[in-house]
Amino acid sequence: MSVTVPSAVPSSDLADTVLERLVVSYPEAADPERSAQMKAYMKDIAPFLGLPSPVRRDLSRAVLAGTPRPDEKDCKAIALRCWALPEREYAYFAVDYLRRHVRRCSSGFLPVVRHLVTTRPWWDTVDALASHVVGGLVAADPELRTVMDEWIEDDDLWVARTALLHQLQYKAATDTERLFAYCARQSGHPDFFIRKAIGWCLREYAKTDPEAVRAFVDRERGGLAPLSVREALKNL
5 MSVTVPSAVP SSDLADTVLE RLVVSYPEAA DPERSAQMKA YMKDIAPFLG LPSPVRRDLS
65 RAVLAGTPRP DEKDCKAIAL RCWALPEREY AYFAVDYLRR HVRRCSSGFL PVVRHLVTTR
125 PWWDTVDALA SHVVGGLVAA DPELRTVMDE WIEDDDLWVA RTALLHQLQY KAATDTERLF
185 AYCARQSGHP DFFIRKAIGW CLREYAKTDP EAVRAFVDRE RGGLAPLSVR EALKNL
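Going by my numbering, the sequence shown runs without a break in its numbering and finishes at 240.
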């Protein structure tokens, strides 16, 4: 199987090794029947090999066995090369890899993540990138919060959704002023995925400060979509 490498991808011996193993290991376990089911479930966003998550993760461990820890250049090369492959499972591999190694990346990695978020975007990759990769980068460099202030205004709904969800894992470290401001800013958005994200990030923060979330919803109820309100208050 040939691997198409975009011109912006840096050279990386580690990426060469990983991709050489990956494009052999994954297709060998492909399941055509499951592939069709997964493609339909994901609204035809991409073709699938048909690998169940446990199988895929076992294969990934074997692919990565004996490989060294990456640096930022390796992470970029692996992610972009996986994203250039058609089957969705390669993107899942990249997301898992970045989640594992986000602490090895600087704030300069954020444009790479934006490329991933906006290329063949769907919730299956965007949400993990938002909450684990973008969230990790912003936590490590608070100056990136101003970039999130730009992303929440973006016309691309997946970029705006990423801004909404990037604090999902922060718990007590959540910047509540930004969280509530972002939710209020996008409260009138017509798209389901933004309205759902508003409710989701509020519901998650309610595990830390339920009264703050309840007060915000009460204050903004007139502007929030019913879906957002239901999600936000689901566990309260």
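Every residue gets a Cβ at the ideal spot worked out from N, C-alpha and C, and that includes glycine.
Quick caveat: nothing in here was measured; it's all calculated off a predicted structure.
In chain order, what residues of the same chain have a beta carbon less than 6 Å from the beta carbon of residue i, not counting five sequence neighbours either side?
{"i": "Asn239", "result": "none"}
{"i": "Ala188", "result": "Glu224"}
{"i": "Phe220", "result": "Phe184"}
{"i": "Thr178", "result": "Gln171, Tyr209"}
{"i": "Ala132", "result": "Val99"}
Flag this pair as yes or no: are the beta carbons of residue i and residue j separated by less than 8 Å?
{"i": "Trp87", "j": "Val121", "result": "no"}
{"i": "Phe250", "j": "Trp127", "result": "No statement about residue 250 is possible, as the shown extent of the chain runs from 5 to 240 and does not include it."}
{"i": "Glu181", "j": "Trp204", "result": "no"}
{"i": "Val117", "j": "Val142", "result": "no"}
{"i": "Leu18", "j": "Thr71", "result": "yes"}
{"i": "Ser64", "j": "Asp100", "result": "yes"}
{"i": "Asp145", "j": "Ser111", "result": "yes"}
Where does the unbroken alpha helix (DSSP H) through residue i begin, and where does it stop?
{"i": "Tyr45", "result": "36 to 45"}
{"i": "Thr180", "result": "180 to 189"}
{"i": "Glu24", "result": "17 to 32"}
{"i": "Ala83", "result": "76 to 87"}
{"i": "Ile49", "result": "Segment: none, Ile49 is in no alpha helix (DSSP H) and carries neither H nor E."}
{"i": "Ser64", "result": "57 to 68"}
{"i": "Val137", "result": "Per DSSP, Val137 belongs to no alpha helix (DSSP H) and is neither H nor E."}
{"i": "His119", "result": "114 to 122"}
{"i": "Lys200", "result": "196 to 210"}
{"i": "Ala98", "result": "92 to 105"}
{"i": "Glu147", "result": "No alpha helix (DSSP H) contains Glu147, which DSSP labels as neither H nor E."}
{"i": "Val221", "result": "214 to 224"}
Nearest CA to the CA of residue i: which residue from the options?
{"i": "Gly140", "options": "Tyr174, Pro56, Tyr209, Arg165", "result": "Tyr174"}
{"i": "Arg108", "options": "Tyr96, Pro51, Ala134, Asp78", "result": "Asp78"}
{"i": "Ala176", "options": "Asp213, Ile49, Glu37", "result": "Asp213"}
{"i": "Ala95", "options": "Leu114, Pro58, Val106, Pro51", "result": "Pro51"}
{"i": "Pro90", "options": "Thr150, Phe113, Ser39, Pro115", "result": "Ser39"}
{"i": "His119", "options": "Leu237, Ala12, Arg234, Ala236", "result": "Ala12"}
{"i": "His278", "options": "Val217, Asp158, Arg65, Asp75", "result": "Look at the range of the chain in this structure, 5 to 240, and you will see that residue 278 is not part of it."}
{"i": "Met42", "options": "Pro74, Val28, Ser57", "result": "Ser57"}
{"i": "Val28", "options": "Tyr45, Glu37, Ala66", "result": "Ala66"}
{"i": "Arg73", "options": "Leu206, Ala44, Ser16, Ile49", "result": "Ser16"}
Would you please state the rounded distance, in angstroms, between the beta carbons of residue i and residue j? I believe it to be under 8 Å.
{"i": "Ala83", "j": "Ala98", "result": "4 Å"}
{"i": "Leu244", "j": "Ala33", "result": "Outside the displayed span of the chain (5 to 240) sits residue 244, for which this structure offers no information."}
{"i": "Val130", "j": "Arg165", "result": "6 Å"}
{"i": "His170", "j": "Ala134", "result": "5 Å"}
{"i": "Arg60", "j": "Glu93", "result": "6 Å"}
I'd like the list of long-range same chain contacts for residue i, defined as Cβ closer than 8 Å, with 5 residues on each side in sequence excluded.
{"i": "Ser191", "result": "Ile202, Glu224, Gly227, Leu228, Ala229, Ser232"}
{"i": "Lys47", "result": "Trp126"}
{"i": "Asp222", "result": "none"}
{"i": "Asp20", "result": "none"}
{"i": "Leu114", "result": "Val138, Leu141, Leu148, Val151"}
{"i": "Lys200", "result": "Leu231, Ser232, Glu235"}
{"i": "Glu37", "result": "Gly54"}
Please list, in chain order, all residues of the same chain as residue i whose beta carbon is under 7 Å from its beta carbon, the five residues on each side excluded.
{"i": "Pro14", "result": "Lys77, Lys80, Ala81"}
{"i": "Trp155", "result": "Val163, Ala164, Thr166, Ala167"}
{"i": "Tyr186", "result": "Ile156, Ala167, Leu168"}
{"i": "Ala216", "result": "Thr180"}
{"i": "Asp207", "result": "It is worth fixing the name first, because residue 207 is Arg in this sequence and not Asp. Only Glu235, Ala236, Lys238, Asn239 meet the Cβ criterion."}
{"i": "Asp160", "result": "Thr122"}
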